[in-house]
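Residue numbers (my numbering), protein chains in the order written: chain A, 1 to 120; chain B, 121 to 303.
See below for the structure under consideration.
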Amino acid sequence: MSPDLENEDLERRLHGALEAVDPGERFVPGVLARIAAEPAHAQRPPRAAAVVSWLAFGLAASVVVAVLLAHEWQLRRIEEGREARRQLVEALRVTDEKLNLAYRAVNTQQQAAPAEHSGA
Amino acid sequence: MSGDEPCTSGELLTQALAGERAAFGALVRAHQRSVYSLALRMLSDRHAAEDLAQEVFLQLYHNLASVSSEAHLGFWLRKVTMHRAIDRLRRTPRYASAAPEEAAAAASDTEHADPMLERRLRSLVSELAPAARAVVLLRYQEDLDPVEIARTLKMPVNTVKSHLKRSLAQLRERMNETADALT
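As structure tokens, this is what we get:
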């Protein structure tokens with residue numbers, strides 16, 4: 001027998017020897033019993049389970065978006081606080097300048113007044 | 121399911137997806153021979169094989185939404201069965217070294233010319249290394265070609281071909297030894 005024929009013969013015999021065998025009548029009830037024995041949340045029909053998965057995913061995505069929005073809002077508030085502080089400092093600086101001008105004007109008038117009195 | 125009218129696998133899939141247990145039972149019945157036989161010939165233990173096959177269908181029940189067609193279902197079942205079996209062989213070495221009598225005795229109900237020879241052949245297959253055994257089973261029990269086997273076992277096609285070549289050589293040699301011993 002040539003090696004090729006031998007191989008062909010062996011392959012034919014393997015096909016015959018490895019035919020599938022049946023596990024018996026009790027197999028399907030066994031599978032269904034194991035499904036029934038699972039906790040209630042694990043027993044949801046596959047489509048319902050898929051819907052629940054999508055809902056969970058949607059909820060998780062919403063939480064992430066909410067956290068990002070809150071973070072953005074917080075950053076904006078900090079920026080607004082900085083701007084308000086800058087404006088306040090600017091207002092104080094302007095007020096300080098005005099007060100200095102007024103002080104100098106009053107001082108100049110006070111110094112001029114005694115000189116006029118003494119001249120009269 | 122509607123009465124005694126036979127349903128196509130596609131209809132069964134749709135009904136099982138909608139949560140109909142009877143339809144899922146019919147799907148299990150349609151594929152139980154293939155899944156159980158692969159598990160039995162990988163583990164060489166009837167109880168372990170039945171347990172593994174049930175686990176595979178339990179996993180299918182929870183993942184039905186990801187199965188798109190009848191062809192995909194067959195592919196999915198073979199893939200999960202083989203990976204679970206190889207994983208169990210790694211975790212429980214007693215299966216790997218178990219006496220192959222159970223696998224050898226597990227003949228189909230059809231009659232063949234030489235039951236003794238086929239029994240010996242099954243015994244020799246169950247003595248192959250797990251990866252090589254998986255390749256041989258998918259080739260000769262499930263009738264898959266090397267490309268389909270490579271996809272199922274996630275291994276390169278050339279590795280599948282070399283497993284097949286070496287396994288056939290090994291089986292032929294052992295069969296010849298048996299024949300010599302008998303004469």
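A virtual CB, placed ideally from N, CA and C, is assigned to each residue, including glycine.
Since this is a predicted model, take the numbers as computed values, not measurements.
### Message
Which residues in chain B have a C-beta closer than 7 Å to the C-beta of residue 59 of chain A? List them in chain order.
### Response
Neighbours of residue 59 of chain A on chain B: none; closest Cβ ~19 Å, over 7 Å.
Query raised in the report: Relative to the alpha-carbon of residue 39 of chain A, which residue among B:182, B:171, B:166 has its alpha-carbon at the smallest distance?
Result: B:182
* **is_contact[residue 18 of chain A, chain B] using C-beta, thresh 7 Å** => yes
TODO: Work out the CA separation of residue 180 of chain B and residue 54 of chain A for me, nearest whole Å.
DONE: 19 Å
(request) Take the Cβ of residue 263 of chain B as the centre, count every other Cβ of all protein chains shown within 10 Å, and call the residue buried at 16 or more, exposed below. (result) The residue in question, residue 263 of chain B, is exposed, as its Cβ has fewer than 16 Cβ neighbours within 10 Å.
Just reading off the alpha helix (DSSP H) that residue 275 of chain B is part of, what are its end residues? Careful: residue 275 of chain B lies outside any alpha helix (DSSP H) and carries neither H nor E.
List the residues of chain A that residue 170 of chain B touches, going by C-beta distances under 8 Å, in chain order. 23, 27, 30
Q. How many whole angstroms separate the CB atoms of residue 174 of chain B and residue 34 of chain A, which I take to be in contact at a CB cut-off of 8 Å?
A. 6 Å
- residue 35 of chain A at chain B interface by Cβ criterion, 7 Å: Judged by the 7 Å Cβ criterion, residue 35 of chain A is in contact with chain B.
Flag this pair as touching only if the segment 193-207 of chain B and the segment 236-244 of chain B have three or more C-beta atom pairs under 8 Å; answer yes or no.
-> no
Closer than 7 Å to chain A by CB, residue 241 of chain B: yes
* **Contacts of residue 6 of chain A in chain B (Cβ-Cβ under 7 Å)** => 292
Report, in whole angstroms, the separation of the C-beta atoms of residue 201 of chain B and residue 176 of chain B, which I expect to be a contact under 8 Å.
5 Å
Exercise. Under 8 Å Cβ to Cβ from residue 86 of chain A, same chain only, skipping five residues before and after it: list those, please.
Key: If you ignore the 5 residues before and after residue 86 of chain A, its C-beta comes within less than 8 Å of no other C-beta in its own chain.
Practice task
Specify, as a first and last residue, the run of the alpha helix (DSSP H) that residue 248 of chain B falls within.
Solution key: Taken as a continuous stretch (DSSP letters only), residue 248 of chain B belongs to no alpha helix (DSSP H), as it is neither H nor E.
Review point. Cβ of residue 287 of chain B within 7 Å of Cβ of residue 252 of chain B?
Key: A contact, by the Cβ cut-off of 7 Å.
Hey, residue 164 of chain B and residue 246 of chain B are a contact pair by Cβ (cut 8 Å); roughly how many whole angstroms apart? 5 Å
Check your understanding: With a cut-off of 7 Å, does the C-beta of residue 185 of chain B fall near any C-beta of chain C?
Key -> Among the chains of the structure shown, chain C does not appear; the protein chains present are A and B.
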